[in-house]
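Data first, discussion second: the structure below is written as structure tokens.
Right, here's the structure in full:
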């Protein structure tokens with residue numbers, strides 16, 4: 006597995022709980038659902054988003070130097086054909102055998118599978134949810150990031166490529182580090198950069214500097230560990246907190262990397278349904294502490 010550069014300083018990230026239903030350690034994603042009212046915000050008073058934004062601003066005003074707060078909307082892609090295949094064969098048979106194939110007589114799931122018709126509808130429903138909450142004053146993402154895999158970019162397109170959802174000329178930055186847990190499973194191989202760019206052209210879709218033409222990360226004989234996924238997620242948090250001044254962030258990616266973010270912030274995994282959105286208020290302490298060898 007390709008190494009992730011080691012951070013040059015120690016930075017701590019944590020979730021500020023108490024704002025959303027999903028924050029509770031015993032939150033049940035099957036009961037909360039993919040897209041709950043108000044994205045799960047607990048406050049249901051008439052001006053709930055205005056109050057929420059004021060609370061976030063107050064947190065930042067009271068924060069010591071080196072501490073910053075951001076609101077993340079972590080979106081999982083809509084249902085893909087690989088999800089259908091795993092449901093068809095069961096997780097054990099999927100992991101041990103079928104995930105290493107490219108498909109069967111009915112379904113193609115590798116490499117880089119498409120969204121199913123249901124997956125497209127899930128992404129479109131996410132857009133409708135955004136449009137509804139925008140009328141109520143939801144903080145609109147100022148910066149969008151996405152995985153380079155087709156299912157994630159298709160989800161972003163169906164959700165956000167709408168001037169009513171995001172301001173005109175909004176873009177999404179494609180990060181290699183936002184990929185799904187990688188290796189062995191053919192569904193997690195990505196297309197060449199040129200193919201991605203043909204399907205998702207500039208200027209809306211932008212690649213991070215250094216994004217390679219070929220997939221240099223996926224390996225047929227090694228599955229990425231959960232610990233390595235957490236390292237990737239931590240590297241993404243470092244990038245965003247160091248380089249992005251935006252307060253409201255959207256990330257469209259996968260269940261594995263979303264749980265990597267949660268693990269990097271000391272939170273247990275959360276089984277976000279396909280097409281779901283997980284909002285998190287994240288506290289980042291950027292005080293530099295040299296790493297010990």
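Numbering (my numbering), first residue to last: 6 to 298.
Where is the CB? At the ideal position from N, CA and C, for every residue including glycine.
None of these values were measured; they are calculated from a predicted model.
Out of the options, which one is the CA nearest neighbour of residue i?
| i | options | result |
| --- | --- | --- |
| residue 146 | 76, 160, 180 and 140 | 76 |
| residue 267 | 247, 248, 279 and 241 | 241 |
| residue 190 | 220, 159, 148 and 116 | 116 |
| residue 200 | 239, 158 and 226 | 158 |
| residue 221 | 259, 238, 181 and 98 | 181 |
| residue 226 | 92, 166 and 188 | 188 |
| residue 41 | 25, 55 and 31 | 25 |
| residue 114 | 123, 104 and 141 | 104 |
Following the continuous beta strand (DSSP E) through residue i, name the residue where it begins and the one where it ends.
| i | result |
| --- | --- |
| residue 74 | 72-81 |
| residue 20 | 17-20 |
| residue 283 | 282-290 |
| residue 123 | Premise fails: residue 123 lies in the alpha helix (DSSP H), 122-139, not in any beta strand (DSSP E). |
| residue 179 | 177-179 |
| residue 212 | 210-212 |
| residue 150 | 148-151 |
Where residue i and residue j are concerned, what is the direct C-alpha to C-alpha distance, given to the nearest angstrom?
| i | j | result |
| --- | --- | --- |
| residue 214 | residue 51 | 43 Å |
| residue 247 | residue 178 | 16 Å |
| residue 206 | residue 106 | 29 Å |
| residue 86 | residue 139 | 31 Å |
| residue 195 | residue 169 | 30 Å |
| residue 148 | residue 255 | 6 Å |
| residue 89 | residue 137 | 29 Å |
| residue 216 | residue 244 | 15 Å |
| residue 57 | residue 208 | 32 Å |
| residue 131 | residue 162 | 11 Å |
| residue 218 | residue 193 | 16 Å |
| residue 231 | residue 123 | 28 Å |
| residue 167 | residue 125 | 15 Å |
| residue 95 | residue 228 | 19 Å |
| residue 278 | residue 92 | 13 Å |
| residue 250 | residue 36 | 35 Å |
| residue 12 | residue 110 | Unreliable positioning characterises residue 12 in this predicted model, as indicated by a pLDDT of 44, which lies under 50. The coordinate reading is nonetheless provided below. Each residue's Cα considered, the two are about 45 Å apart. |
| residue 99 | residue 44 | 32 Å |
| residue 152 | residue 133 | 22 Å |
| residue 23 | residue 46 | 9 Å |
| residue 59 | residue 144 | 11 Å |
| residue 174 | residue 154 | 22 Å |
Return yes when the Cβ of residue j is within less than 8 Å of the Cβ of residue i, no when it is not.
| i | j | result |
| --- | --- | --- |
| residue 183 | residue 150 | yes |
| residue 83 | residue 27 | no |
| residue 156 | residue 120 | yes |
| residue 282 | residue 185 | no |
| residue 2 | residue 280 | Given a span of 6 to 298 for the chain in the structure shown, any question on residue 2 remains unanswerable. |
| residue 141 | residue 223 | no |
| residue 203 | residue 212 | no |
| residue 164 | residue 135 | yes |
| residue 118 | residue 273 | no |
Could you give the residue range of the alpha helix (DSSP H) that holds residue i?
| i | result |
| --- | --- |
| residue 258 | That residue, residue 258, is in no alpha helix (DSSP H); its beta strand (DSSP E) goes 253-258. |
| residue 57 | 53-67 |
| residue 169 | First-last for residue 169: undefined, no H or E at that position. |
| residue 242 | 231-248 |
| residue 90 | 86-94 |
| residue 200 | 198-204 |
Given residue i, which residues of its chain have a CB within under 7 Å of its CB, disregarding the five upstream and five downstream residues?
| i | result |
| --- | --- |
| residue 235 | 265, 268 and 269 |
| residue 48 | 56 and 57 |
Only counting the same chain, and skipping five residues up and downstream in sequence, which positions put a Cβ closer than 8 Å to that of residue i?
| i | result |
| --- | --- |
| residue 17 | 289 and 290 |
| residue 74 | 21, 61, 64, 65, 68, 252, 286, 287, 288 and 289 |
| residue 32 | 26 and 275 |
Keeping to the same chain, check which residues put their C-beta closer than 6 Å to that of residue i; ignore five residues upstream and five downstream.
| i | result |
| --- | --- |
| residue 285 | 20 and 77 |
| residue 276 | 34 |
| residue 160 | 82, 83, 128 and 257 |
| residue 97 | none |
| residue 239 | 269 |
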